[in-house]
């Protein structure tokens, strides 16, 4: 067995030399790693035609446009929708393109998001119980889960055609007089924007 000894006095000829070529290779590898990381980070698609200030209402579980403040008609509270405890959700306009489902509209009466392509189903607004009203609305595009980036657990309700969060089941209130139902719905993902 060979005995290893350490030399307290180092001889400069014992140290490996760093050549110019090795230094350049190291710098190049570091740059490639940094560039690769930037490419990976920029791999998430950024929607260019978007609208912020959509909020989750803790009373009805619906998604509603909260920029105008609370107080819009809500089936779960006599005081109206609230964005208390909600993130700032961002919706894409269909003009941004990409995958997903278009035909989602903002209701100018209750400020909720609802699906307008459901001509055979019910469309019930909490403001008076009639149909949602799309006047002044853009056409929004929702990503299917898990294809989009954002928070999953959002569903179309077959009773009111609204979008609601199924993440806290049991607390949801539908304006059609039931609990929201995910029957017949796919799962959607909603992006969370800046606060």
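In the working numbering, the protein residues as written are 20 to 214.
All C-beta atoms, glycine included, are put in the ideal place defined by N, C-alpha and C.
All figures in this text were calculated on a predicted structure; none of them were measured in a lab.
- For residue 194, same chain residues with a beta-carbon under 6 Å away, outside a window of 5 residues either side, are 94, 143, 145 and 179 in chain order.
- Judged by DSSP secondary structure, residue 162 falls within the beta strand (DSSP E) whose first and last residues are 159-163.
- Scanning 99, 70, 78 and 156 for the CA closest to the CA of residue 134 turns up 156.
- For residue 109, the enclosing beta strand (DSSP E) covers residues 108-112.
- Beta-bridge partners of residue 184 (DSSP): 173.
- Taking C-beta separations shorter than 8 Å and ignoring five residues to either side along the sequence, the partners of residue 123 in its chain run 110, 132, 133, 134, 135, 158, 159, 160, 161 and 182, following chain order.
- Around the CB of residue 154, fewer than 16 other CB atoms lie within 10 Å, so the residue is classed as exposed.
- Shortest Cα-Cα distance from residue 106 to any of 97, 71 and 91 involves 71.
- With respect to residue 113, residue 152 sits apart: the two C-beta atoms are not nearer than 8 Å.
- CA-CA distance, residue 169 to residue 120, rounds to 15 Å.
- 8 Å or more divides the Cβ of residue 164 from the Cβ of residue 80.
- For residue 78, the closest C-alpha among the options 87, 202, 206 and 102 is that of 102.
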